[in-house]
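> Residue numbers (the working numbering): 178 to 741. Don't be surprised by glycine CBs; every beta carbon is placed ideally from N, CA and C.
(1) Taking the C-alpha atoms as reference points, what is the distance between residue 739 and residue 183?
(2) Could you name each continuous alpha helix (DSSP H) segment of 4 residues or more that falls completely within the stretch 283 to 366, going from the start of the chain to the end?
(3) Is it true that the stretch 285 to 297 meets the stretch 634 to 649, where meeting means three or more beta-carbon pairs spaced less than 8 angstroms apart?
(4) Return the CA-CA distance between residue 463 and residue 303, expressed in angstroms with no decimal places.
(5) I'd like to check one pair, residue 459 with residue 428: are the Cβ atoms closer than 8 angstroms?
(6) Alpha carbons only, please: which of 528, 546, 607, 672 is nearest the one belonging to residue 575?
(7) Terminal residues of the continuous beta strand (DSSP E) containing residue 411?
(8) Quick check on the burial criterion: 16 or more other C-beta atoms within 10 angstroms. Buried or exposed for residue 401?
(9) Would residue 487 and residue 668 be called neighbours here (beta carbons separated by less than 8 angstroms)?
(10) Buried or exposed: which applies to residue 255, given that a residue is buried once 16 or more other Cβ atoms fall within 10 Å of its Cβ?
(11) Cα separation between residue 350 and residue 344?
(12) Here's the rule: buried if 16 or more other CB atoms are within 10 angstroms of the residue's CB, otherwise exposed. What is residue 223?
(13) Please work out which residues of its chain come closer than 7 angstroms, Cβ to Cβ, to residue 503, disregarding the five sequence neighbours upstream and downstream, and give them in chain order.
(14) Counting only runs that start and end within the stretch 693 to 734, where is the alpha helix (DSSP H) found for 4 or more residues in a row?
(15) What first and last residue would you give for the alpha helix (DSSP H) that runs through residue 665?
(16) How big is the Cα-Cα spacing for residue 421 and residue 447?
(17) If you pair each beta-carbon of the stretch 244 to 253 with each one of the stretch 704 to 716, do three or more pairs fall below 8 angstroms?
(18) Keeping to the same chain, check which residues put their C-beta closer than 6 angstroms to that of residue 729; ignore five residues upstream and five downstream.
(19) Between the beta-carbon of residue 331 and the beta-carbon of residue 289, is there less than 8 angstroms?
(20) What are the start and end residues of the beta strand (DSSP E) that includes residue 515?
(21) Classify residue 529 as helix, strand or coil using the three-state DSSP reduction.
(22) Do the CB positions of residue 742 and residue 720 come within less than 8 angstroms of each other?
(23) How would you label residue 394, buried or exposed, when you count the other beta carbons within 10 angstroms and need 16 or more for buried?
(24) Tell me whether the beta-carbon of residue 269 lies closer than 8 angstroms to the beta-carbon of residue 354.
(25) Look at the Cβ atom of residue 571, then the Cβ atom of residue 537, and state whether they are nearer than 8 angstroms.
(26) On the DSSP bridge list, what partners appear for residue 581?
(27) Ends of the beta strand (DSSP E) at residue 212?
(28) To the nearest angstrom, report how far apart residue 601 and residue 417 are at their CA atoms.
(29) Is residue 666 closer than 8 angstroms to residue 727 when the C-beta atoms are compared?
(30) When DSSP builds the beta bridges, which residues end up paired with residue 469?
(31) Using 8 angstroms as the threshold, is the C-beta distance between residue 500 and residue 515 below it?
(32) Taking the alpha helix (DSSP H) that residue 567 belongs to, which residues open and close that run?
(33) Taking the continuous alpha helix (DSSP H) assigned at residue 261, which residues delimit it?
(34) Pick helix, strand or coil for residue 384, following the three-state DSSP scheme.
(35) For the pair the stretch 549 to 561 and the stretch 626 to 635, tell me if three or more CB-CB distances fall below 8 angstroms.
(36) Taking the alpha carbon of residue 283 as the point to measure from, which residue in 335, 387, 314, 505 has its own alpha carbon closest?
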C-alpha cells in the first residue's frame, strides 16, 4: 500500500491505495480509503500515523523542538572599521602614549577617536555620541565603559597636553609634506557660537561673520598644503582682525615642518603693511626667507591707480583675452591679471544700475517739482528729506556710494556722479592684484598658485557641512578649542580619504564612500540561549573596490557567522 494524492477540481485528496494483480496477472490499483482533503488534514492524520507505529511496535518519532533564536539589532561596522584603520595607519594611535603618562584613568585616545569618527559618520553633540555608539560596532570600544563625563574629561586632556598632542600631529603629517617645497595656504572663517553666558577668557565675541551678519562667533584659522592636506589650525577670538593672525601662524608652521622652501598663500583680508614687513622678516630653519603670495583687497585698489593706469593703457585697453603682467611696488612684485570679459560684464552691470538709480531720482525730482507748483497726485506726499534717505539707501545697497555722492547736508534732494571714482572703478574691473616676493615664478604660475586657495574654502565647507563644526554649544574656552581640534582631526581623515580616492580614480566622495561602507554591518545571533554568534554581512565587490582604493584591508571578526 502507498499514499496517493488525487485532484478533484481545485482540491487535493489524500488516499490510501493498494496495488495488486488481477486474474490475468496485470497490475491494478484500488482505493482502500480516502483520508480527506489535504488542506484540512491536521492532527487526525498524525494520530493515525502514531496508531500504526504503536501496532507495529515502532517508536514514534518525536517532533524536533522549535529552536529559540534571538537577534540583536544590526550595527554599522564598515565605515567605523575603515576610519579606525586609517586612524591607526596614519599614526593617530600614538596619542595613546601621550595620555598613558598622565593621571587619567580613562582611555583618552579611544575617547578622542570616538568623537572624531562621530564627526565623519553622524555628527552630533557629545550626548549624541553616546546615542550613536548604540548603533555602531566600534573596534576596541565598549559602550558600557563610556559616559558623558568621560568624553568631557578627554576633551580637557586634549587641551591640557596640547604641546604633546601637537607634536604627534606634526610627526604624522610630516611624511605627507614635500620636504623641498611646501606651498601652504592660510585662510580664516567664522564659526557661529550659541549661548549668552560670559566666561573668563571667552573666545566667543560678536563680529561680522562670513555670511555677512553680526553674530556671536569664534574665528578659525586653517593652514593646508596645495594637495589639500590640513597642517595646522588655531582658534581666535570672534572679533579678531584677520590681518593680525597670519605672521604668528606662519612662524609656527615653519618651526613644525622644516622644509627648504615655503610659499605662503593668503586671501584678500590678510594684506597689510605690517604683515608684509613681518612676513619678509621670517627665516626658515635652513636659512632661507619665507616667500608669500597675498591678494590685494578691493578697498586697497585705489593705492595702485598710478601703477595700473599706464599698464591698463598699454596692455589691457582693447584686449580680447586674459592679460597677465607685473610691475614693481615697494620692492615687491605686483602681479596683475586682467580678464576683459569679466571687466565688460562688471562695467555693464554697474552702468545699468547707475542708469536705473538716475531714472528713479529723476522721477522723485519731478514729483517734488510738481508738489512745489501746487499740483496734487494720488498717494502720499514726498519730501526732500524722504527722497534723499530713500535714494541714499538704494545707492548703498548697490555698493555705489563712492561713485554716486548724495548730499546729505543739503535741504534739497541732490546728488552728483564722481567721475574720477567711476573712472577708477572701470580701471579696476576684471583685475586681480597679487603681491609676492617669489623671484622665480612667472605671473601665470603665481596666479595659478593663488587660485588653488579655493580648495581651503572647500575645506571650510566640509567643516561646516559634513563635519558640522558649528554652531558651537560649548561655553568654556578650552572646550571650544578641544571641539575645534577634534573637528580638525576629522578633516585630516576626510582629506586623506579624498586624496586616496582620487589617486585610484574612484569617482565618489569620502562621504559617499562611508555611506556605502556603512552597509557592512555587524550581526549577533543567540541560538537556544547559548553563547552568541557574531558575524558580518557580505562584503560585495563595490565595498572591496572602495577599501582597496583607501588601502584598507577587508573587515574581519574573530568569529564569523556564515549564514549572514
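From the atom records:
(1) Start at 1 with the first residue of the chain shown, and residue 739 comes out as number 562. Start at 1 with the first residue of the chain shown, and residue 183 comes out as number 6. Low local confidence applies: a pLDDT of 34 at residue 739 is under 50, so the model's placement there is unreliable, and no value is given.
(2) Here the runs fully enclosed are 285 to 298, 303 to 310, 325 to 337, 339 to 350.
(3) Because the criterion of three Cβ pairs below 8 angstroms is met, the stretch 285 to 297 and the stretch 634 to 649 touch.
(4) As a first step, residue 463 is located in the chain shown; it is residue number 286 there, counting from the start. As a first step, residue 303 is located in the chain shown; it is residue number 126 there, counting from the start. Going from the Cα of residue 463 to the Cα of residue 303 covers about 44 angstroms.
(5) Along the chain shown, read from residue 1 onward, the residue named residue 428 stands at position 251. Along the chain shown, read from residue 1 onward, the residue named residue 459 stands at position 282. Taking 8 angstroms as the cut-off, the beta carbon of residue 428 is found closer than this to the beta carbon of residue 459.
(6) For the purposes of this step, residue 575 is taken as residue 398 along the chain shown, with counting starting at 1. The shortest C-alpha separation from residue 575 is found at 528.
(7) On the chain shown, residue 411 is found 234 positions in, with the first residue counted as 1. Here the beta strand (DSSP E) through residue 411 covers 407 to 413.
(8) Against the chain shown, residue 401 aligns to sequence position 224. Label assigned to residue 401: buried.
(9) On the chain shown, residue 487 is found 310 positions in, with the first residue counted as 1. On the chain shown, residue 668 is found 491 positions in, with the first residue counted as 1. The answer is no: Cβ separation not under 8 angstroms.
(10) In the chain shown, residue 255 corresponds to position 78, counting from 1. Taking a 10 Å sphere around the C-beta of residue 255, we find 16 or more other C-beta atoms and assign the residue as buried.
(11) Taking the first residue of the chain shown as 1, we reach residue 350 at position 173. Taking the first residue of the chain shown as 1, we reach residue 344 at position 167. Rounded to the nearest whole angstrom, the CA to CA distance from residue 350 to residue 344 is 10 angstroms.
(12) For this step, residue 223 is matched to residue 46 along the chain shown. With fewer than 16 other CB atoms across the displayed protein chains lying within 10 angstroms of its CB, residue 223 is exposed.
(13) One-based indexing of the chain shown puts residue 503 at position 326. Result list for residue 503: 510, 511, 512, 513, 620, in chain order.
(14) If we require 4 residues or more, the alpha helix (DSSP H) runs fully inside the stretch 693 to 734 come out as 718 to 726.
(15) To locate residue 665, count along the chain shown from 1; it is residue 488. From DSSP, the alpha helix (DSSP H) with residue 665 extends over 654 to 680.
(16) Position 244 of the chain shown, counted from the first residue, corresponds to residue 421. Position 270 of the chain shown, counted from the first residue, corresponds to residue 447. Roughly 8 angstroms separates the two Cα atoms.
(17) A contact exists between the stretch 244 to 253 and the stretch 704 to 716.
(18) Counted from its first residue, the chain shown places residue 729 at position 552. Contacts found: 259, 262.
(19) Translated into the one-based positions of the chain shown, residue 331 becomes position 154. Translated into the one-based positions of the chain shown, residue 289 becomes position 112. For residue 331 and residue 289, yes; Cβs fall inside 8 angstroms.
(20) Within the chain shown, the letter at position 338 stands for residue 515. If you look at residue 515, you'll find it in the beta strand (DSSP E) that goes 509 to 515.
(21) For the purposes of this step, residue 529 is taken as the residue at position 352 of the chain shown. In the three-state reduction of the DSSP assignment, residue 529 falls in the helix class, which pools H, G and I.
(22) Look at the range of the chain in this structure, 178 to 741, and you will see that residue 742 is not part of it.
(23) Along the chain shown, one-based indexing puts residue 394 at 217. Looking at its Cβ environment, which holds 16 or more other Cβ atoms inside 10 Å, residue 394 is buried.
(24) Locating residue 269 in the chain shown gives position 92, where the first residue counts as 1. Locating residue 354 in the chain shown gives position 177, where the first residue counts as 1. Between residue 269 and residue 354, the C-beta gap is not smaller than 8 angstroms, which leaves the two residues out of contact.
(25) Along the chain shown, read from residue 1 onward, the residue named residue 571 stands at position 394. Along the chain shown, read from residue 1 onward, the residue named residue 537 stands at position 360. Closer than 8 angstroms, so yes.
(26) Indexing the chain shown from 1 puts residue 581 at position 404. According to DSSP, residue 581 shares a beta bridge with 594.
(27) The residue labelled residue 212 in the question sits at position 35 within the chain shown. Start and end: 204 to 214.
(28) Against the chain shown, residue 601 aligns to sequence position 424. Against the chain shown, residue 417 aligns to sequence position 240. Each residue's Cα considered, the two are about 31 angstroms apart.
(29) In the chain shown, counting from the first residue as 1, residue 727 sits at position 550. In the chain shown, counting from the first residue as 1, residue 666 sits at position 489. Cβ distance not < 8 angstroms, so residue 727 and residue 666 don't count as in contact.
(30) Walking along the chain shown from the start, residue 469 turns up at place 292. 441, per the DSSP bridge assignment.
(31) The residue you call residue 500 lines up with position 323 of the chain shown. The residue you call residue 515 lines up with position 338 of the chain shown. Contact: yes.
(32) Position 390 of the chain shown, counting from 1, holds the residue named residue 567. Counting along the chain, the alpha helix (DSSP H) containing residue 567 begins and ends at 561 to 574.
(33) Taking the first residue of the chain shown as position 1, residue 261 is located at position 84. Element bounds for residue 261: 255 to 267.
(34) The sequence position of residue 384 within the chain shown is 207, counting from 1. Of the three classes helix, strand and coil, the one that applies to residue 384 here is strand, per DSSP.
(35) Segments in contact, no.
(36) In the chain shown, the residue the question calls residue 283 occupies position 106. Per the Cα distances, 335.
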